[in-house]
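Participant: First residue of the sequence shown? That's 8 in the working numbering, and the numbers climb one at a time after it.
By construction, the Cβ of each residue, glycine as well, lies at the ideal position given by its N, Cα and C atoms.
Here the structure is a predicted model, which means the values were calculated and not measured.
What follows is a single structure, and I will ask about it in a moment.
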Amino acid sequence: MRKLSKVASLVLATLSSCTLAQSLEGLVLDANGNPLANANVEIHGSNQSTVTDSAGRFLFENLKAGNTEIHIRAAGHAHLHQDVNLTDAGLSNLKFALSRSPIEVIDIVSTPLHMSSMESSIPISVLSGEALRRQQSATLGDSLEKLTGVHTNFHAKVSSTPIIRGLSGPRVLIAQNGLDVSDVSRVGPDHAVASEASTATQIEVLRGPATLFYGSGAIGGVVNIVDTRVPQSNETKGEWLLETSSVDEQQLASFNITTGLDKFAVYADGFYRKSDDYEVPVMAELDVHDHEHESEDEHGSENKDFFVENSVEESYGFTLGGSYLLNNGFIGASVEQFNREYGIPGHSHGDEEGHDHDDEHSDDEHSEEHSEEVFADMQQTRAQILGEFTFEHPIIKEINLRAGYTDYEHAEIEHGSVGTVFANETYEFRLDALHQTFKDWRGGLSFRYKKSDVEAQGSEAFTPPSSTEMLGVALLEERHFGDILLQLGARIERVTMKANDVMLPMLDADSHDEESDDDHDHEHDHGDEQEITRVFSADHEFTPVTLSVGGVWDFAKGYNLGLSVSRSERAPSASELLSFGPHIGTRTYEVGALFALSEETSEIGLTDSVIDLETASNIDLTLRKTEGDIGFILNLFYNSVDNYYYQIDTGLFADDGHDHGSDEHDGHDHSSHDHDDHDHDSDSQDDEHAGELLVFLFKTDDVILHGFEAQVAWQASSHFKASLFTDYVRARLKDGGDLPRTPPLRFGTQFSYQNESISAHLDITRYQSQDRIAEFETQTDAYTLVDASIAYDLPILNNSVTAYLKGNNLTDTEARVHTSFLKDIAPRPGRNISVGIRGYF
């Protein structure tokens with residue numbers, strides 16, 4: 008507490024304003040000398056920004072004298088960064104020329120040092136503006152999956168998280184304004200991310216372990232959701248949105264507004280979304296897919312609609328925030344309430360013949376059917392404090408502070424009663440201190456503390472309550488050597504994990520082969536009681552270290568080459584180590600790496616292996632063309648990971664702990680919902696195996712992930728642009744074999760047309776078949792998705808209003824996502840038409 012007081016004293020002692028200059032005035036032009044209107048001009052390290060008028064002019068007043076870094080960006084143009092020496096008399100009649108770029112260049116706010124998507128030594132993608140609104144979905148992974156190198160673990164449209172270069176879960180940090188969202192989305196794919204894209208201003212994706220300012224755990228990358236909930240300006244502006252969709256009858260409404268007076272700024276946002284079961288082109292369950300098509304051919308029944316049962320969703324949230332604006336920065340806070348209730352497909356205990364809807368399916372029948380299904384009820388309260396300050400101190404140039412508190416709860420409801428409750432209470436504090444330029448080096452230190460108390464309570468609590476505490480410090484420095492930018496980074500952490508009630512149950516598992524079926528007694532006790540072999544405490548401490556070096560070489564005008572080499576370590580998560588029990592969302596029985604399976608007896612006991620850090624060595628090579636009518640980004644990556652934690656299908660089955668002897672469950676077979684990593688035949692669907700789950704065990708191996716990403720854009724005219732992209736990752740074990748749920752090769756194209764009032768886009772994306780699979784995993788077929796959208800701007804009362812029409816999967820193609828745990832029972836939605844209107848003021 009004494010250290011925190013010293014920091015606060017330093018901040019308060021240096022908040023006084025310095026000598027002010029009169030003004031900074033300039034003109035922004037394109038490469039042909041024509042004025043650029045609506046170009047964004049920003050004074051780096053301050054909260055001051057403006058846009059150019061119709062004549063390309065901009066004006067700043069009351070600026071500090073001295074060296075000032077100006078950032079200018081405009082749609083369709085490359086960024087311009089220029090240092091100017093601002094005198095006490097001010098500067099005027101400055102001219103800045105921007106070069107054309109067909110690939111949009113967007114500033115990154117994820118890191119304290121200035122960076123953009125075309126100027127970093129590591130690959131960075133940003134989704135913002137109209138593209139963000141066009142691609143936003145109810146879940147984060149689905150919203151980002153059109154970014155090159157990013158896939159989704161699509162969980163029946165009710166939840167999803169991003170997969171970056173084949174890595175996901177605890178290896179990809181999901182952050183909001185630089186702070187961990189602190190939900191339990193990385194514990195299981197059925198747990199939704201507690202953040203909303205419809206109120207975000209941009210979403211940033213940093214690939215690879217270039218995450219020194221976030222923590223060593225994010226060796227796969229960082230997804231940072233940026234919003235203005237803590238406002239940095241009191242300019243009155245806002246946005247609103249109304250949308251409806253056909254495939255699931257979704258209704259969406261959202262708004263955000265920023266305003267203020269004098270030194271104060273206030274912010275508010277809110278959203279509401281509701282959708283029903285979504286429609287699919289074919290029977291949702293793969294095991295009866297062929298049979299259903301035969302039935303249609305014989306009887307000529309082509310009008311039957313198919314739905315993914317229990318894929319309904321309803322969510323809402325609101326945020327209030329405010330800031331105090333200073334001459335050298337701001338300080339503010341916000342409070343958010345986020346609520347979401349959604350179905351978890353694959354767990355209906357009612358009538359399983361209801362996989363098709365007809366006009367006679369009444370609301371009452373639908374409600375009664377859904378009462379027998381499994382739902383998740385998620386609630387999160389999140390408070391954050393953000394502050395940014397610049398100084399004229401001889402050592403300290405800038406201090407950025409972030410603090411957050413999150414209270415998260417996620418209840419899984421079965422038969423109308425709560426079965427399991429997941430809770431996560433997190434405290435986080437981060438301080439970035441940047442120093443003044445020293446011998447041309449720019450950079451600083453980042454300090455971060457986070458404590459998370461996670462617990463699961465109930466009949467299907469597969470992880471014991473645990474507490475994880477992290478304290479870390481990172482250093483990042485960069486310097487220009489002529490045309491080369493050199494970036495150096497290092498981070499060290501202390502991570503402690505404690506759990507007092509780790510249980511080792513007596514697990515009765517069998518393999519379902521013929522011999523075991525003959526000898527195995529299927530009269531299991533499916534009651535709530537389970538024999539516990541041992542209860543013990545776990546206390547682990549880790550010291551992960553991350554090192555990175557990178558460079559960007561501007562070897563020709565409009566071209567640069569980026570190289571990044573890093574070595575990062577990650578401490579395993581509590582769920583990877585301590586899990587032991589049925590996981591209702593994935594229909595698996597999960598066993599953590601703290602336990603081991605005896606191949607001779609099929610019994611599970613404590614492991615003899617050392618619990619060690621996961622270590623990744625990564626190389627990234629990036630070639631970019633940033634100017635001209637044609638631009639491109641080409642990425643090659645190689646990632647070698649030692650002691651990689653992942654789940655394997657043991658081929659064994661265990662009881663789910665439910666009583667399946669009642670009439671209510673007659674005729675229902677849990678195993679008929681084929682898990683994506685196991686190929687069941689018809690014999691495995693017998694009633695004698697009802698209520699059994701596949702046993703998945705966390706283990707470690709040395710793995711290699713390598714691949715490429717590429718995108719090319721051609722600005723054919725001032726209105727028309729064509730883009731191509733492709734990405735691929737090969738994920739394999741060093742000793743032979745493939746990692747499960749690896750995304751397939753993907754490539755696609757986008758054609759765009761835009762004038763003053765109309766914008767239209769056509770996207771065609773091809774997903775190849777995936778036959779590089781792990782043991783017991785099934786392959787997926789190739790498919791092509793066709794999406795299109797058109798929007799028309801309507802100037803109304805000096806405000807911008809846009810009406811739009813979107814179509815997804817226009818060919819109504821059957822598409823099963825290989826990375827999904829539910830690919831065999833929940834394909835992508837069928838043809839969808841969305842109509843909406845949004846406005847800006």
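1) Across which residues does DSSP place G33 in a beta bridge pair?
2) Take the Cβ of L514 as the centre, count every other Cβ of all protein chains shown within 10 Å, and call the residue buried at 16 or more, exposed below.
3) Leaving aside the five residues before and after K244 along the sequence, list all residues of the same chain whose C-beta is less than 6 Å from its C-beta, in chain order.
4) Residues in the same chain with beta-carbon distance under 8 Å from E321, minus the five sequence neighbours each way, listed in chain order, please.
5) Nearest by alpha-carbon distance to L478: which of G222, D778 and P169 is it?
6) Near R64, what residues of its chain come up, given a Cβ to Cβ distance below 6 Å and the 5 sequence neighbours on each side ignored?
7) Excluding the five sequence neighbours on either side, which residues of its own chain have a C-beta within less than 8 Å of the C-beta of E521, listed in chain order?
8) What does the Cβ neighbour count give for G489, buried or exposed, with the cut at 16 atoms within 10 Å?
9) Excluding five sequence neighbours on each side, which residues of the same chain lie with their C-beta closer than 6 Å to the C-beta of R779?
10) List in chain order: all unbroken beta strand (DSSP E) runs of 3+ residues lying wholly within the stretch 117-142.
11) Looking at the unbroken alpha helix (DSSP H) that takes in E583, where does it start and where does it end?
12) Mapping DSSP to helix, strand and coil, what is P352?
13) Which one or two residues does DSSP pair with Y790 in a beta bridge?
14) Do you know offhand how far V48's Cα is from Q142's?
15) Can you tell me whether D742 is buried or exposed? The criterion is at least 16 other CB atoms within 10 Å of its CB, across all chains shown.
16) Kindly indicate which three-state DSSP category A410 falls into: helix, strand or coil?
17) What are the boundary residues of the alpha helix (DSSP H) that S150 is part of?
18) So, with DSSP's three-state summary, where would you put R501?
19) Count the other CB atoms within 10 Å of the CB of K102; is the residue buried (16 or more) or exposed (fewer)?
20) Mind checking Q777: buried by the 16 CB within 10 Å criterion, or exposed?
21) With T159 and S167 assumed to form a contact (beta carbons below 8 Å), what rounded beta-carbon distance in angstroms separates them?
22) So, with DSSP's three-state summary, where would you put V842?
23) Does the contact criterion of 3 or more C-beta pairs under 8 Å hold for the stretch 180-194 versus the stretch 83-100?
24) State the DSSP-derived secondary structure class of S205, mapped to helix, strand or coil.
25) Put P589 into one of helix, strand or coil per three-state DSSP.
26) Counting Cβ pairs closer than 8 Å, one from the stretch 819-834 and one from the stretch 227-247, do we hit at least three?
27) The beta strand (DSSP E) spanning N642 covers which residue range?
28) Would you tell me roughly how many angstroms separate the C-alpha atoms of G185 and L393, rounded to the nearest one?
29) Considering Cα atoms alone, identify which of W448, A440 and A468 is closest to R455.
30) In whole angstroms, what is the alpha-carbon distance linking F262 and T251?
31) Distance check for S135 and S150, CA to CA, integer angstroms please.
32) Relative to the alpha-carbon of E5, which residue among V157, L98 and G224 has its alpha-carbon at the smallest distance?
33) Just tell me which of S582, T59 and V289 has its CA closest to the CA of R178.
34) Going by DSSP in three states, P836 sits in which element: helix, strand or coil?
35) Quick one: Cα of P836 to Cα of R594, how far?
36) The beta strand (DSSP E) with E76 in it runs from where to where?
Facilitator: Quick look at the numbers:
1) Numbered from 1 along the sequence shown, position 26 holds the residue referred to as residue 33. In the DSSP secondary-structure assignment, G33 is bridged to F65 and L101.
2) Taking the sequence shown and counting its residues from 1, the one referred to as residue 514 is at position 507. Its Cβ being crowded by 16 or more others within 10 Å, L514 is buried.
3) Numbered from its first residue, the sequence shown carries residue 244 at position 237. In chain order, T265 place their CB closer than 6 Å to the CB of K244, counting only its own chain and leaving out the 5 sequence neighbours on each side.
4) By 1-based counting over the sequence shown, the position of residue 321 is 314. Result list for E321: R280, K281, S282, R347, E348 and Y349, in chain order.
5) Locating residue 478 in the sequence shown gives position 471, counting from the first residue. Checked all of G222, D778 and P169; the closest Cα to L478 is G222.
6) Within the sequence shown, the letter at position 57 stands for residue 64. Hits under 6 Å: L34.
7) What you label residue 521 is simply residue 514 of the sequence shown in a count that begins at 1. Bear in mind that a pLDDT of 47 at E521, under 50, signals an unreliable position, so the number given afterwards is only what the model happens to contain. The beta carbon of E521 lies closer than 8 Å to none in the same chain, with the five residues before and after it left out.
8) In the sequence shown, the residue the question calls residue 489 occupies position 482. Label assigned to G489: exposed.
9) Indexing the sequence shown from 1 puts residue 779 at position 772. Taking R779 as the centre and dropping the five residues before and after it, the same chain places the C-beta of D745 closer than 6 Å to its C-beta, in chain order.
10) Fully enclosed beta strand (DSSP E) runs of 3 or longer: 131-135.
11) Translated into positions along the sequence shown, residue 583 becomes position 576. Going by DSSP, E583 is part of the alpha helix (DSSP H) stretching over A581 to L585.
12) If you number the sequence shown from 1, residue 352 lands on position 345. In the structure shown, the three-state DSSP call for P352 is coil.
13) Numbered from 1 along the sequence shown, position 783 holds the residue referred to as residue 790. DSSP lists Y774 as partners of Y790.
14) Working through the sequence shown from its first residue, we reach residue 48 at position 41. Working through the sequence shown from its first residue, we reach residue 142 at position 135. Approximately 27 Å, taken between the alpha carbons.
15) If you number the sequence shown from 1, residue 742 lands on position 735. By the 10 Å Cβ count, D742 comes out exposed.
16) Taking the sequence shown and counting its residues from 1, one reaches residue 410 at position 403. For A410, the secondary structure class from DSSP, reduced to helix, strand or coil, is strand.
17) As a first step, residue 150 is located in the sequence shown; it is residue number 143 there, counting from the start. In the DSSP assignment, S150 falls within the alpha helix (DSSP H) that extends over L147 to L151.
18) The residue labelled residue 501 in the question sits at position 494 within the sequence shown. Three-state result, R501: strand.
19) To locate residue 102, count along the sequence shown from 1; it is residue 95. So K102 ends up on the exposed side.
20) Counted from its first residue, the sequence shown places residue 777 at position 770. With 16 or more other CB atoms across the displayed protein chains lying within 10 angstroms of its CB, Q777 is buried.
21) On the sequence shown, position 152 is the one that residue 159 refers to. On the sequence shown, position 160 is the one that residue 167 refers to. Correct: roughly 5 Å between the Cβ atoms.
22) Reading the sequence shown from its first residue, position 835 is the one you call residue 842. In the three-state reduction of the DSSP assignment, V842 falls in the strand class, which pools E and B.
23) Contact between the stretch 180-194 and the stretch 83-100 is absent, with fewer than three C-beta pairs closer than 8 Å.
24) Against the sequence shown, residue 205 aligns to sequence position 198. Helix, per DSSP.
25) Reading the sequence shown from its first residue, position 582 is the one you call residue 589. Reduced to three states, the DSSP call for P589 is strand.
26) Output reads no: the stretch 227-247 does not touch the stretch 819-834.
27) Residue numbering aside, residue 642 sits at position 635 when the sequence shown is read from its first letter. Its beta strand (DSSP E) spans residues I637 to D662.
28) Mapped onto the sequence shown, residue 185 falls at position 178. Mapped onto the sequence shown, residue 393 falls at position 386. Roughly 10 Å separates the two Cα atoms.
29) Stepping through the sequence shown from its first residue, residue 455 is reached at position 448. Distance from the Cα of R455 is smallest, within the candidate group W448, A440 and A468, for A440.
30) Here residue 262 refers to the residue found at position 255 of the sequence shown. Here residue 251 refers to the residue found at position 244 of the sequence shown. Between F262 and T251, the C-alpha separation is close to 15 Å.
31) For the purposes of this step, residue 150 is taken as residue 143 along the sequence shown, with counting starting at 1. For the purposes of this step, residue 135 is taken as residue 128 along the sequence shown, with counting starting at 1. Cα-Cα distance, rounded: 11 Å.
32) As shown, the chain starts at 8 and ends at 848. That puts residue 5 outside it, with no answer to give.
33) Translated into positions along the sequence shown, residue 178 becomes position 171. Here the closest residue by C-alpha is S582.
34) For the purposes of this step, residue 836 is taken as residue 829 along the sequence shown, with counting starting at 1. In the structure shown, P836 sits in coil (DSSP, three-state: anything other than H, G, I, E or B).
35) The residue you call residue 836 lines up with position 829 of the sequence shown. The residue you call residue 594 lines up with position 587 of the sequence shown. Using only the alpha carbons, I get a separation of about 21 Å.
36) In the sequence shown, counting from the first residue as 1, residue 76 sits at position 69. Looking at the DSSP string, the run of the beta strand (DSSP E) that includes E76 is G73 to R80.
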